[in-house]
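Have a look at the structure below before the remarks.
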Amino acid sequence: MEKQLMKPRAKIDQPCAACRMLHRKCADDCLLAPYFPANEPEKFAAVHRVFGASNVIKMLQLVDASKREDAVKSMVYEAYARLRDPIYGCAGTISYLQKHVKDLEAQLEMVKARVVESQGQRDQLLRALMEVSINGYNLMHPMGYDNTFFAGQNSPLLDCNMLHGDHPLDFTMDYHHVV
Numbered sequence: 001m002e003k004q005l006m007k008p009r010a011k012i013d014q015p016c017a018a019c020r021m022l023h024r025k026c027a028d029d030c031l032l033a034p035y036f037p038a039n040e041p042e043k044f045a046a047v048h049r050v051f052g053a054s055n056v057i058k059m060l061q062l063v064d065a066s067k068r069e070d071a072v073k074s075m076v077y078e079a080y081a082r083l084r085d086p087i088y089g090c091a092g093t094i095s096y097l098q099k100h101v102k103d104l105e106a107q108l109e110m111v112k113a114r115v116v117e118s119q120g121q122r123d124q125l126l127r128a129l130m131e132v133s134i135n136g137y138n139l140m141h142p143m144g145y146d147n148t149f150f151a152g153q154n155s156p157l158l159d160c161n162m163l164h165g166d167h168p169l170d171f172t173m174d175y176h177h178v179v
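First residue of the sequence shown: 1, per the UniProt record's numbering; consecutive thereafter.
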């Protein structure tokens, strides 16, 4: 998509915002007219207040015609920034944004470290779960048991000693007094 160059305007009864503000006749070949139309006087007012009309004209004459629109956009942005923040202008905004980017990068690094730590913990837990097998109880099975869990004489559910502390597993809690 190719940028269209602003061309000198045709003769119009209304002067551009720059010529109106400077109280002069707007010529057909006015350098400022394509960039400061009559319906946007605040743009030129900001640029004029910060840079001055003669400096704006000099800068536009130094810039290649194909890049003038971008130069004007930059001047308008810088002028608004300088009016908002007379001390730092757009440098204050740039500094703030650079600090914000550094803060976000630091947060991102912290989150990445936490992700790596969590993945390590997950892997360690999965290894431990794969190694564990208690009386046919399969912790890796989606239902938490295999086919031998409920069936057979040695089923944990049929082992009443488990509740009385005589089971090979060491239960520290006295289940008689829980209920």
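Note that beta-carbon positions come from the ideal geometry of N, C-alpha and C, so glycine has one too.
Query, Result
"Span separating the alpha-carbon of Ala53 from that of Leu31", "11 Å"
"Inter-residue CB distance, Phe51 and Ala79 (contact presumed, cutoff 8 Å)", "7 Å"
"With 16 other Cβ atoms within 10 Å as the buried cut-off, status of Met110", "exposed"
"Start and end residues, alpha helix (DSSP H) containing Asp85", "No alpha helix (DSSP H) contains Asp85, which DSSP labels as neither H nor E."
"Integer Cβ distance of Phe44 from Ala17, believed to fall under 8 Å", "4 Å"
"Under the three-state DSSP convention, the category Gly92 falls into", "helix"
"Coarse secondary structure for Leu126, derived from DSSP in three states", "helix"
"Three-way DSSP call (helix, strand, coil) for Lys58 in this model", "helix"
"Where the alpha helix (DSSP H) through Pro15 begins and ends", "No alpha helix (DSSP H) holds Pro15; DSSP gives it neither H nor E."
"Separation of Cys19 from Asp103, as counted between CA atoms", "46 Å"
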